[in-house]
Amino acid sequence: MTSLKNKHFWAGVRAEFPLLIGVFPFGMIYGALAIEAGLSAVEAQMMSPIVFAGSAQFITTQLIKNTAPGFVIVLTIAVVNLRHMLYSASLAPYLASLPTRWKALLSYLLTDEAYAPSILHYETNKLQPESHWFMLGAGLALWAIWMFSTATGILLGAAIPDSWSLDFALPLTFIAMVVPALKTRPAIAAALTAGGAALAAYALPYKLGLLIAALAGIVVGTLLENKTVGAHLSGDS
Amino acid sequence: MNIWLVMALGGLITFGIRFSLIYLFGKFHIPEIMRKALHYVPPAVLSAIVFPELFLREGALSFSLENHRLLAGLIAIAAAWVSRNTFATILAGMIALFLLQFFGA
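Chains as they are written, first to last, in my numbering: chain A, 4 to 240; chain B, 3 to 107.
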């Protein structure tokens with residue numbers, strides 16, 4: 004049985020490898036930006052295991068830099084991570100028979116990058132004995148690299164001068180994440196609506212414009228998708 | 003603002019979101035409209051952050067060609083569209099910004 008656990012675990016680690024190549028520079032940039040935003044090295048490092056969500060950590064860093072109030076940061080983390088509820092829903096049937104402590108551990112590790120190889124593994128191989136060790140392997144590999152790359156960014160980032168405009172890597176990373184996701188008209192409409200609304204609402208205090216703009220984009224995207232489905236043009240799905 | 007409290011709450015909420023439906027599976031049915039709506043969270047939130055980063059300069063909207071970050075951002079969007087690669091996109095945008103700052107007014 005132990006060898007079966009080992010087999011699944013290391014298969015998960017191996018499946019995670021290509022993703023780690025992209026995650027490492029991402030984690031470094033986070034570490035460097037967190038220091039640049041005024042966090043101490045300990046705070047910057049500890050956010051990685053405590054929050055353990057790349058986009059949310061980037062946004063938290065940005066909001067701290069802009070001195071947003073704490074409740075806005077917490078709400079923003081919640082909004083940014085709402086998508087994880089979909090991952091939770093889609094993995095739930097495969098994890099249903101596990102004890103609660105396993106469900107909790109795998110939920111803690113449930114990032115975008117752990118979700119992708121894990122759901123693919125489950126859909127390809129179906130539910131096998133001990134196959135949750137696959138997701139543990141993928142999730143822990145990502146966790147380890149996220150901690151290490153954060154530390155590297157904290158150490159190297161402290162030496163990088165302002166004139167390098169390192170902070171610009173933040174919106175650039177979001178661009179890299181959002182553009183490939185714009186495959187359908189409703190998705191593009193959601194992005195443009197939210198972006199436009201964010202510009203219109205930029206003067207609102209406490210960065211509330213961000214939340215309102217995001218909600219506007221979500222509503223427009225959802226409404227358009229409902230219309231599109233009727234006209235059997237459903238590009239997505 | 004206590005940064006440790008913010009991180010702890012943010013971490014708890016993040017965990018709660020990830021744990022929610024894994025824990026509740028079999029107890030509730032997820033409405034289709036919710037699944038659809040959640041799908042638009044990433045493009046909406048990320049765009050709502052990116053647009054002001056590109057268009058707002060020193061607290062005011064700037065649509066001019068002298069807005070280096072807007073131009074560099076557009077180049078990055080093109081790079082992201084073609085490459086679909088995070089690192090290539092960041093690299094393209096950063097190099098574009100360096101060149102614009104170096105040679106621009």
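We put the CB at the ideal spot given by N, CA and C, even for glycine. Everything numeric in this text was worked out from a predicted model, so none of it was measured.
Beta-carbon within less than 7 angstroms of residue 18(A)'s beta-carbon, same chain only, minus the 5 sequence neighbours each way: which residues are those? Residue 18(A) sits at position 15 when you count from the first residue of the first sequence. Only 120, 124, 141 meet the Cβ criterion.
At a CB distance below 8 angstroms, what residues from the segment 26–60 of chain A approach chain B? Give them in sequence order. Going along the segment 26–60 of chain A in chain order, one finds 28, 29, 32, 42, 46, 49, 50, 53, 54, 55, 56, 58, 59 with a Cβ nearer than 8 angstroms to chain B.
Measuring CA to CA, which of 48(B), 28(B), 91(B), 95(B) is closest to residue 61(A)? Numbered from 1 along the first sequence, position 58 holds the residue referred to as residue 61(A). When each option's Cα is compared against that of residue 61(A), the closest is 48(B).
Residue 113(A) and residue 2(A) - do their beta-carbons sit closer together than 8 angstroms? No answer is possible for residue 2(A): the residues shown for chain A start at 4 and end at 240.
Contact set between the segment 100–113 of chain A and chain B, restricted to residues whose Cβ is under 8 angstroms from the partner: Contact annotation: in the segment 100–113 of chain A, residues whose CB is within less than 8 angstroms of a CB in chain B are 103, 106, 107, 109, 110, 111, 113.
Residue 45(B), enclosing alpha helix (DSSP H) - first and last residue: The residue you call residue 45(B) lines up with position 43 of the second sequence. 43–57 is the span of the alpha helix (DSSP H), which, as asked, contains residue 45(B).
Is there a C-beta anywhere in chain B that falls below 8 angstroms from the one on residue 225(A)? Within the first sequence, the letter at position 222 stands for residue 225(A). Residue-level contact check: residue 225(A) touches chain B, since one or more beta carbons of chain B fall below 8 angstroms from its beta carbon.
Spatial neighbours of residue 84(A) within its chain, please: C-beta separation below 7 angstroms, excluding the five flanking residues on both sides. Reading the first sequence from its first residue, position 81 is the one you call residue 84(A). The residues 56, 59, in chain order, have a CB closer than 7 angstroms to that of residue 84(A) in the same chain once the five nearest residues on each side in sequence are set aside.
Rounded to a whole number of angstroms, what is the C-alpha to C-alpha distance between residue 2(A) and residue 109(A)? Past the boundaries of the shown model lies residue 2(A); chain A is included only from 4 to 240, so the question cannot be answered.
CB contact flag (residue 213(A), residue 10(B), <8 angstroms): Start at 1 with the first residue of the first sequence, and residue 213(A) comes out as number 210. Start at 1 with the first residue of the second sequence, and residue 10(B) comes out as number 8. Here residue 213(A) is not near residue 10(B), since their CB atoms are 8 angstroms or more apart.
Would you tell me roughly how many angstroms separate the C-alpha atoms of residue 149(A) and residue 64(B), rounded to the nearest one? Taking the first residue of the first sequence as 1, we reach residue 149(A) at position 146. Taking the first residue of the second sequence as 1, we reach residue 64(B) at position 62. So the alpha carbons of these two residues sit roughly 36 angstroms apart.
Please classify residue 6(B) as buried or exposed, where buried requires at least 16 neighbouring CB atoms within 10 angstroms. Within the second sequence, the letter at position 4 stands for residue 6(B). Counting C-beta atoms within 10 angstroms of its own C-beta, residue 6(B) has fewer than 16 neighbours from the protein chains shown and is therefore classed as exposed.
Chain-ordered chain A contacts of residue 99(B) [CB-CB under 8 angstroms]: Position 97 of the second sequence, counting from 1, holds the residue named residue 99(B). Near residue 99(B) (Cβ distances below 8 angstroms), the residues of chain A are 168, 171.
What residues of chain A sit near residue 71(B), judged by a beta carbon separation below 9 angstroms? If you number the second sequence from 1, residue 71(B) lands on position 69. The contacting residues are 168, 171, 174.
With which residues is residue 63(B) paired in a DSSP beta bridge? If you number the second sequence from 1, residue 63(B) lands on position 61. In DSSP, residue 63(B) forms a bridge with 58(B).
When DSSP labels each residue in this structure, what does residue 230(A) get in the three-state scheme? Indexing the first sequence from 1 puts residue 230(A) at position 227. When secondary structure is reduced to three states using DSSP, residue 230(A) falls in the helix class.
With DSSP run on the structure shown, which of helix, strand or coil describes residue 3(A)? Nothing about residue 3(A) can be reported from this structure: the residues present for chain A run from 4 to 240 only.
Whole-angstrom distance between residue 225(A) and residue 186(A), CA atom to CA atom: Stepping through the first sequence from its first residue, residue 186(A) is reached at position 183. Stepping through the first sequence from its first residue, residue 225(A) is reached at position 222. Each residue's alpha carbon lies about 14 angstroms from the other.
Enumerate in chain order the residues of its own chain whose CB-to-CB distance from residue 23(A) is below 6 angstroms, with the five nearest sequence positions on each side excluded. Translated into positions along the first sequence, residue 23(A) becomes position 20. Spatial neighbours of residue 23(A) in its own chain (CB-CB distance under 6 angstroms, excluding positions within 5 residues in sequence) are listed in chain order as 148.
In angstroms with no decimal places, state the Cα-to-Cα distance between residue 29(B) and residue 88(B). On the second sequence, position 27 is the one that residue 29(B) refers to. On the second sequence, position 86 is the one that residue 88(B) refers to. Here the C-alpha atom of residue 29(B) lies approximately 38 angstroms from the C-alpha atom of residue 88(B).
Between 37(A), 53(A), 191(A), which has its C-alpha nearest residue 42(B)'s C-alpha? By 1-based counting over the second sequence, the position of residue 42(B) is 40. If you compare the alpha carbons of 37(A), 53(A), 191(A) with that of residue 42(B), the shortest gap goes to 191(A).
Among 94(B), 61(B), 59(B), 25(B), whose alpha-carbon lies nearest the alpha-carbon of residue 75(B)? Along the second sequence, read from residue 1 onward, the residue named residue 75(B) stands at position 73. The candidate whose alpha carbon is nearest that of residue 75(B) is 94(B).
Own chain, CB closer than 8 angstroms to residue 42(A), minus 5 neighbours either side, in chain order: One-based indexing of the first sequence puts residue 42(A) at position 39. Counting only residues of its own chain and dropping the five nearest sequence neighbours on each side, residue 42(A) has a CB closer than 8 angstroms to the CB of 50, 64, 67.
Residue 236(A) to residue 118(A) span [Cα, whole Å]: On the first sequence, position 233 is the one that residue 236(A) refers to. On the first sequence, position 115 is the one that residue 118(A) refers to. Because residue 236(A) sits at a pLDDT of 46, beneath the cut-off of 50, its placement in the model cannot be relied upon, and the point is left open.
What residues of chain A sit near residue 105(B), judged by a beta carbon separation below 9 angstroms? Position 103 of the second sequence, counting from 1, holds the residue named residue 105(B). Within 9 angstroms Cβ-Cβ: nothing; residue 105(B) doesn't reach chain A, min ~15 angstroms.
Any beta carbon of chain A sitting closer than 8 angstroms to that of residue 33(B)? Counting from one through the second sequence, the residue named residue 33(B) turns up at place 31. False, the Cβ-Cβ gap to chain A never drops below 8 angstroms.
Using a Cβ cut-off of 9 angstroms, which residues of the segment 39–59 of chain B contact any Cβ in chain A, in chain order? So the close ones are 39, 40, 41, 42, 43, 44, 45, 46, 47, 48, 49, 50, 51, 52, 53, 54, 55, 56, 57, 58.
Please go through the same chain and pick out, in chain order, the residues whose beta-carbon is closer than 8 angstroms to the beta-carbon of residue 92(B), but skip the five residues on each side of it. Stepping through the second sequence from its first residue, residue 92(B) is reached at position 90. If we look at residue 92(B) and ignore the five residues flanking it on each side, its Cβ neighbours are 78.
By a C-beta neighbour count over all protein chains shown, 10 Å radius and 16 as the cutoff for buried, is residue 100(A) buried or exposed? The count along the first sequence starts at 1 and reaches residue 100(A) at position 97. The residue in question, residue 100(A), is exposed, as its Cβ has fewer than 16 Cβ neighbours within 10 Å.
Exposed unless 16 or more other CB atoms sit within 10 angstroms - verdict on residue 26(A): Start at 1 with the first residue of the first sequence, and residue 26(A) comes out as number 23. Classification for residue 26(A): buried.
Taking 8 angstroms as the limit between beta carbons, can you name the residues of its chain near residue 58(B), skipping five residues before and five after? Position 56 of the second sequence, counted from the first residue, corresponds to residue 58(B). In the same chain as residue 58(B), and ignoring 5 residues on each side of it, the C-beta atoms closer than 8 angstroms to its own belong to 64, in chain order.
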